[in-house]
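Number of protein chains: 2
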Amino acid sequence: MPQFLSTSDPGFEAAFAHLLSQKREDSPDVDAAVAAIIAEVRARGDAALVDLTARFDRVTLSPDRLRFSEAEIEGLCAQVPDAERAALELAAGRIRAYHARQMPRDEMWADEIGATLGWRWTPVTAAGLYVPGGLASYPSSVLMNAIPAKVAGVRRLAVTVPTPDGVANPLVLLACRIAGVDEVFRLGGAQAIAALAYGTESVRPVDKVTGPGNAYVAAAKRRVFGKVGIDMIAGPSEILVIADRDNDPDFVALDLLSQAEHDESAQAILVTDDPAFGQAVARAVERHLETLPRAAIAGTSWRDFGAVIVVRSMDEAAALADRIAAEHLELLVADPEALAARISHAGAIFLGPWTPEAIGDYIGGPNHVLPTARTARFSSGLSVMDFLKRTTLSRMTPEALRALGPSAEILARAERLEAHGLSVRVRLDRLNG
Amino acid sequence: MPQFLSTSDPGFEAAFAHLLSQKREDSPDVDAAVAAIIAEVRARGDAALVDLTARFDRVTLSPDRLRFSEAEIEGLCAQVPDAERAALELAAGRIRAYHARQMPRDEMWADEIGATLGWRWTPVTAAGLYVPGGLASYPSSVLMNAIPAKVAGVRRLAVTVPTPDGVANPLVLLACRIAGVDEVFRLGGAQAIAALAYGTESVRPVDKVTGPGNAYVAAAKRRVFGKVGIDMIAGPSEILVIADRDNDPDFVALDLLSQAEHDESAQAILVTDDPAFGQAVARAVERHLETLPRAAIAGTSWRDFGAVIVVRSMDEAAALADRIAAEHLELLVADPEALAARISHAGAIFLGPWTPEAIGDYIGGPNHVLPTARTARFSSGLSVMDFLKRTTLSRMTPEALRALGPSAEILARAERLEAHGLSVRVRLDRLNG
């Protein structure tokens, strides 16, 4: 059973603080190993990739087989059953439509002194997407990363996905094809990140690297940050469900379990104003754990990090939600929009009983790459913005320079930056002379 | 004299590649020292801040003097001459007006199956701004960091600024007041970043930390990233000027020097299609170096990292500009807008002869915190977006769930995430039963 807390309990504050500060993730120190792998790829290029792939993925490839050929992709895609293909295509269309609305607009205007000011957005030229191998090789994550990049206008999008023991996941390749990925490489681990950031004979370097991965991949992303841009380093997944008694305990139990089954370090929390409902949900969770295929993972997550918190009011629930700053937040209450308006910090909010988080994971349209570990206090989920950058523009007329130049000069002198001041002064003198 | 390169020279590609890859910054390895400082602040709070401030800034403060009082700020602000106050206020008003236009809009819509989708933006609750001490203690940087935060709606904005030997910069305090900063602390170095991220008895923790600093500050920001959000880690400043012969060499020389005077590691590059104009600019630079107060710094930067590149066409200039991806880009050509449209990568573009970069540093309106070291390929200058985060919203109706649920179930099963599928199935069964 998970922890049961109640805000009316005198020990609540301490127990809640403990829940928030629980360390859920082991971070093995792999930095030295990763540094060595990156150095090897930079020094030896394809040869290093071939050696490292043989060592870690037990596949021996010649350099010309690092990249999947069109025929290979075609062959793998043909293995996908029609129903799965149709589901992927429906998801891709909805994700594309949602992200197309995120495209920001360029702006240019003339202000009251005649200065022209503005900004414009341009895509990064090339991006790389890391896709894990094995059990965590999710075609849905390919769509969620690749589609925003393509909507943003990224010209070249490369995917790396390891093929342990030579096994490729047809659904991942099909997702790449549907999303418009340009190149797919049989590469995983820190060596894949190094290849994307620095390039080799076969892998052209990119400007931005995104995508989930294990501790080696995360450490490699941290190391190449600066040389290329990276997305967030995601931690274990989380869900917070706020539900009143007018809900089916089964709905809530399965929503909690759909986070818990991801990972033993995942966290599922229910906040409710009805203790009996909280108990009913907990019983439903236990019941489903008897049959769920991933019961071992989900059960560990639920017992170690799960919680049922009973509040005295939905005001308290909103305040706790902001302190938890959950990756996923479901609001199963009479007026979910009103409650949402009172909560500031969450990666994604799912409103009402017909919006299980799993819809958002696959097919709703919004991105499923979301801030974890309370980082929703200051960061956002993946979007087209991750593949765009803004350039500011300004143009002064002689009149605008006359209006602003003297003040710029005063500030430059105050900061003892004489050349800054002179670059303005020489122009003012020209205009006045 | 700086390097002279020409694209028609057979050795150009190698020389240009060398120019791009030159290591301009010493990065002393201060990480162990910074880790110890952060641990000390976390363990001992204010007492650690007092000790570390005595050691590094040679000021002994009681904990109740870590924060500037209103009366102290008042007294310091009163020392600022009227002309400087008026210039700061003009700058603040323009920066505020520019950044107010950046505020993104919330969106909600119903799609063709009746699902309600959208997102909304909310500010981070509290932000901290690091302001360096000594020579690099720039009031303009206070405005450029603090105003976007306040425009975004940050409720509590704390500034830390060291006061070496007890000396405070009145202009910095006035800039804090004009920008609406809520709290100012006499703190610098890694200890200031630790206090902002983790909090002490006197310093409440924040959610986001921005602002420039030395190697210790940069290392501390990297270490607290994840616990709080950070802005970029900025490197030495850069300018690229693309100018044709119809320009005053003096304008261009002073614009180049206004970067070079920042730092011996700064980089100033001129690209021109007229070798004689390039020579004239180089001569003008040398002439100004005879009288410039910061000639030692500017001269070292210009000799070690400066360059004049002669191109055969403005097409070549545009291509080089994208490879350089400069922090600041001035276009002094007949049709600067047309040339700007052919360049993708730059932090800020200054159009035409009356827009010296110094105007952008102080008073134009756009932010002067910009991506350095070629990171304009994938990142943007500071903006209101750095103090906002986006929450996605979705609400399914029963009809929308009927339309999407079966495909979500198929994808969940394909990824072997049974609880995900069941959370959808249980609802579909309810709707159909």
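In order, the protein sequence lines correspond to chains A and B. Residue 95 in full-length UniProt numbering sits at position 95 of the first sequence, and the numbers go up by one each step. Residue 2 in full-length UniProt numbering sits at position 2 of the second sequence, and the numbers go up by one each step. The beta-carbon is built from N, C-alpha and C at its ideal position, and this holds for glycine as well. In this text the structure is predicted, and so the values were computed from the model without any measurement.
Within this structure, are the beta carbons of A48 (chain A) and Q191 (chain A) separated by less than 8 Å? yes
Chain-ordered residues of the segment 241-254 of chain B with a beta carbon less than 8 Å from chain A: D248, D250, F251 and L254
CB contact below 8 Å: S69 (chain A) versus chain B: no
Interface partners of E25 (chain A) on chain B, CB under 9 Å: Those do not exist, as E25 (chain A) stays about 11 Å from chain B at its closest Cβ, beyond 9 Å.
Interface partners of residue 462 (chain B) on chain A, CB under 7 Å: As shown, chain B starts at 1 and ends at 433. That puts residue 462 (chain B) outside it, with no answer to give.
DSSP state of F225 (chain A), grouped into three classes? strand
Nearest-angstrom beta carbon gap, K221 (chain A) and F378 (chain B) [assumed within contact, 8 Å]: Going by Cβ atoms, the distance from F378 (chain B) to K221 (chain A) rounds to 13 Å, so no, they are not a contact pair.
Counting Cβ pairs closer than 8 Å, one from the segment 186-202 of chain B and one from the segment 48-63 of chain B, do we hit at least three? yes
Straight-line CA distance for Q279 (chain B) to E337 (chain B)? 26 Å
Is S423 (chain A) helix, strand or coil when you go by DSSP? helix
Same chain, Cβ closer than 7 Å to A179 (chain A), five either side skipped, listed in chain order: A92, V142, L143, A146, I147 and K150
Could you check what DSSP says for L270 (chain B) in three-state terms: helix, strand or coil? strand
Do we get a CB-CB distance below 8 Å when we pair W354 (chain B) with the residues of chain A? yes
Q3 (chain A) (DSSP reduced to helix, strand or coil): strand
Alpha carbon to alpha carbon, what distance is there between A152 (chain A) and L382 (chain A)? 12 Å
Between the beta-carbon of G359 (chain A) and the beta-carbon of V424 (chain B), is there less than 8 Å? Going by the sequence as given, residue 359 (chain A) is Ile instead of Gly. Going by C-beta atoms, I359 (chain A) is nearer than 8 Å to V424 (chain B).
Quick one: Cα of H99 (chain A) to Cα of I230 (chain A), how far? 19 Å
Look at the alpha carbon of A284 (chain A) and the alpha carbon of S237 (chain A), and state the distance between them as a whole number of angstroms. 21 Å
Pick from A:R245, A:D273, A:I233 and A:L289: whose alpha carbon is nearest that of A260 (chain A)? A:L289
Considering only their Cβ atoms, is the gap separating V131 (chain B) from S137 (chain B) smaller than 8 Å? yes
Backbone secondary structure at F277 (chain B) - three-state DSSP: helix
Examine chain A for any beta-carbon lying closer than 8 Å to the beta-carbon of G133 (chain B), and answer yes or no. no
Just mark Q267 (chain B) as buried or exposed, buried being the case when its beta carbon has 16 or more other beta carbons within 10 Å. buried
At what residues does the alpha helix (DSSP H) containing P148 (chain B) begin and finish? P139 to A152
Chain A residues whose Cβ lies nearer than 7 Å to that of Y138 (chain B): E415
Pairs of beta-carbons, one from the segment 62-75 of chain B and one from the segment 111-127 of chain B, closer than 8 Å: are there three or more? no
Note down, in chain order, each residue of its chain lying with its Cβ closer than 7 Å to the Cβ of A215 (chain B), except the 5 sequence neighbours on either side. S27, P28 and V30
So the beta strand (DSSP E) F305 (chain B) belongs to, where does it begin and stop? No beta strand (DSSP E) contains F305 (chain B), which is instead part of the alpha helix (DSSP H) from A295 to F305.
Identify, in the order they occur along the chain, each residue of the same chain with its Cβ nearer than 8 Å to the Cβ of G405 (chain A), setting aside the five sequence neighbours on each side. V424, R425, R427 and L428
Please confirm if T210 (chain A) has its CB atom under 8 Å from at least one CB of chain B. no
Can you grab the Cα-Cα spacing for the pair A234 (chain B) / A346 (chain B), in whole Å? 15 Å
Label P356 (chain A) either buried or exposed according to how many other C-beta atoms from any shown protein chain fall within 10 Å of its C-beta, with 16 as the threshold for buried. buried
Any Cβ of chain A within less than 8 Å of the Cβ of N432 (chain B)? no
Span separating the alpha-carbon of G11 (chain A) from that of A317 (chain A): 17 Å
Going by DSSP, what residue range makes up the beta strand (DSSP E) through L157 (chain B)? R156 to T160
Through-space distance from T53 (chain A) to V41 (chain B), alpha-carbon basis: 44 Å
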